[in-house]
Structure formats: C-alpha cells, structure tokens
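Asks: Here you go, one structure.
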Amino acid sequence: METNQSTRKRFNKPWHFFSQAGKRPFHGLREVFQNYHLDDLKQEIQRWQQLALCNGQSAYDEGCIREGLMDFIQELQRLMEAFHILNEKKNRHRKR
1 METNQSTRKR
11 FNKPWHFFSQ
21 AGKRPFHGLR
31 EVFQNYHLDD
41 LKQEIQRWQQ
51 LALCNGQSAY
61 DEGCIREGLM
71 DFIQELQRLM
81 EAFHILNEKK
91 NRHRKR
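Numbering follows my numbering, in which position 52 of the sequence shown is assigned residue number 52; successive positions increment by one, without gaps.
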C-alpha cells in the first residue's frame, strides 16, 4: 500500500548567536551573555519545563518521560553555568 504523503521538511532558522559558533565559539558565548543574564536564562528554562509538564496535550504524560525531561533540564542548567564561567574567564583576560 502506497501513500501519497511527502516527507515533511521542517523549517529551522539558526539562532543568530550560534550561527558562527564553529568558527568563533567565544564570540557566540559573549553575545549570549551580553544579551541575557544567567539568572534570566535559568528562569526561562524553568518556564519551558513548567509549560511542558502542565500542558494538557503534553508529550510528557508518562512518569519516566517526565523524569528524563527533568534530568535533561538539570544538565542543561549545568551546561549554561559552565558556559557562563568560560565566558567570564575569557572576558577577564580581554579586559586586562
């Protein structure tokens, strides 16, 4: 049985801060943390988590999937903090 449905292509617009990250990664980090404070990024991730978990049509209906999301968010916050530290160290050398 054949279907006439074509494969759906998703539109992905790169986030402009990271479009040049492969060539100049510290430039991208500096751009992010010049525009957003670390606490603001953490609050935004918490909002995303709340929306994902409280949504009536959530993809996180099962407990193990919710647990995976929470683990992912915890690791994402740790990664943001590490990026923030790297950015601060890099900018300290730049200011001298």
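Quick reminder that beta carbons are idealized off the backbone N, C-alpha and C, glycines included.
Note that the structure is predicted; figures quoted are calculated from it, not measured.
Terminal residues of the continuous alpha helix (DSSP H) containing Asp39?
Replies: The residue you call residue 39 lines up with position 39 of the sequence shown. First-last of the alpha helix (DSSP H) with Asp39: Leu38 to Cys54.
Asks: Count the C-beta pairs between the region 28-41 and the region 72-91 that are closer than 8 angstroms, then say yes if the count reaches three, no if not.
Replies: Cβ pair count under 8 angstroms is three or more, so yes.
Asks: Cβ of Leu76 within 9 angstroms of Cβ of Ala52?
Replies: Against the sequence shown, residue 76 aligns to sequence position 76. Against the sequence shown, residue 52 aligns to sequence position 52. Contact: no.
Asks: Using C-beta distances below 7 angstroms, list every residue in its chain close to Ser145, excluding the 5 sequence neighbours before and after it, in chain order.
Replies: Past the edges of the chain, shown from 1 to 96, lies residue 145, and the structure says nothing about it.
Asks: Mapping the DSSP letters down to three states, classify Arg24 as helix, strand or coil.
Replies: What you label residue 24 is simply residue 24 of the sequence shown in a count that begins at 1. Three-state DSSP puts Arg24 in coil, outside helix and strand.
Asks: What did DSSP end up calling Asp61 once you bin it into helix, strand or coil?
Replies: For the purposes of this step, residue 61 is taken as residue 61 along the sequence shown, with counting starting at 1. Coil, per DSSP.
Asks: Let's test the definition: count the other Cβ atoms within 10 Å of the Cβ of Phe72 and tell me whether it reaches 16, buried, or not, exposed.
Replies: Here residue 72 is taken as the residue at index 72 of the sequence shown, counted from 1. Per the 10 Å Cβ criterion, exposed.
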